[in-house]
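Undergrad: All residue numbers for the sequence shown refer to numbering that gives the first Met the number 0, where the first residue is 0 and numbers rise by one.
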Amino acid sequence: MSPFGSFDLDDDDRMSIYRYVERHGTVDTSEAAEHVGIDPETFRHHVSILKRDGYVRETDDGKLRVQLDCGESEEHETAGLHYEIRPACQADATGLLGVVREVADQREHLVAESVAEQLEYEDALFRNNAGETRVFFVATVEDEVVGWCQVEIPRLAKLAHTAEITVGVLVEYRRYSIGSHLLQRGMEWARTNGCRRVYNSLPETNDLAVSFLQENGWRIEAVRNDHFEIDGEPVDEIMLAADLGGPEPVRGG
């Protein structure tokens, strides 16, 4: 069973286990068993079936998390800086939130504000349910998070071919192509998982982000006049998109 197919968990206990893991990110097996109130032997049976059918996986330290194949870590070096691009893990949550908050504090990055709100009120970085699939990739320098890429794919059939991609990098690390590598990783993951286009919307005041996406092959599709209000002033919304499956994004930014 593919994680992107329809959810056909017809056993109530099994669905309860999956929902608990999906909602909390990474959980101890004993914690999940206690929450759903299933005896240990039956619980182990249900977990075995969930693992077999590709719903969850067990980490090296014996914890359960949603099964989503996000690939491996990639090492990069730009202008003497070594950094890693990889799927986020639950241990990254605090550092990731800190980076998102710092980017959001620049005020023109309104999407980062909504990402920060999500991270503050949800335990899980990865979501895979009837409403959406969401993954995070992070850029790290010496194991510290300095940037992120969030990919959200709606499960609604009419929109499942699209993905929203959000990228942010700390100011001090914007000269090393980290943003471009994160964007490419997110676009490749969306393409691999059946998406044909990606999109994002930004206030026109965030001209650096608009230029960054355009340099990486995105195009402006529409402008909504006076859609935002920033510091009491009306600001246009710039709606950008890119088609997947075409030329690779350029390395810049």
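Beta carbons: idealized from backbone N, C-alpha and C, even for Gly.
In chain order, what are the residue ranges of uninterrupted beta strand (DSSP E) at least 3 long that sit wholly in the segment 81-161?
TA: The qualifying runs are 131-140 and 143-153.
Undergrad: Using a Cβ-Cβ cutoff of less than 7 Å, which residues in the same chain neighbour Tyr17 once the five nearest sequence positions on both sides are dropped?
TA: As a position in the sequence shown, residue 17 is number 18, starting the count at 1. Same-chain partners within the cutoff: Leu8, Leu49, Tyr54 and Val55.
Undergrad: At the level of alpha carbons, what is the spacing between Tyr19 and Gln89?
TA: Taking the first residue of the sequence shown as position 1, residue 19 is located at position 20. Taking the first residue of the sequence shown as position 1, residue 89 is located at position 90. Near 15 Å, if we compare the C-alpha coordinates of Gln89 and Tyr19.
Undergrad: Mind checking who Tyr198 pairs with in its DSSP beta bridge?
TA: Taking the sequence shown and counting its residues from 1, the one referred to as residue 198 is at position 199. Glu163 and Ala240.
Undergrad: Assign Asp142 to buried or exposed, taking buried as 16 or more other Cβ atoms, counted over all protein chains shown, within 10 Å of its Cβ.
TA: Sequence index remark: in the sequence shown, residue 142 carries index 143 (1-based). So Asp142 ends up on the exposed side.
Undergrad: With H, G and I counted as helix, E and B as strand and the rest as coil, what does DSSP make of Phe3?
TA: Indexing the sequence shown from 1 puts residue 3 at position 4. Low confidence applies here, because Phe3 scores a pLDDT of 39, under 50, leaving its location unreliable; read the following figure in that light. Note: Phe3 maps to coil in three-state DSSP.
Undergrad: Measuring CA to CA, which of Val46, Ser47, Asp12 and His45 is closest to Val35?
TA: What you label residue 35 is simply residue 36 of the sequence shown in a count that begins at 1. Among Val46, Ser47, Asp12 and His45, the Cα nearest to that of Val35 belongs to Asp12.
Undergrad: Spatial neighbours of Glu26 within its chain, please: CB distance less than 7 Å, with the 5 preceding and 5 following residues excluded, ordered by chain position.
TA: Residue 26 sits at position 27 when you count from the first residue of the sequence shown. It is worth fixing the name first, because residue 26 is Val in this sequence and not Glu. Hits under 7 Å: Tyr19, Val20, Lys62 and Leu63.
Undergrad: Can you name the start and end residues of the beta strand (DSSP E) that Ala65 belongs to?
TA: Residue mapping note: residue 65 aligns to position 66 of the sequence shown, counting from 1. Correcting the residue identity first, residue 65 is Val in this sequence and not Ala. Here the beta strand (DSSP E) through Val65 covers Lys62 to Val65.
Undergrad: Could you check what DSSP says for Asp27 in three-state terms: helix, strand or coil?
TA: As a working note, residue 27 is residue 28 in the sequence shown. Looking at Asp27 - three-state DSSP - the assignment turns out to be strand.
Undergrad: Grab me the residues of Glu220's own chain with a C-beta within less than 7 Å of its C-beta, minus the 5 sequence neighbours each way, in chain order.
TA: Position 221 of the sequence shown holds residue 220. The residues are Met238, Leu239 and Ala240.
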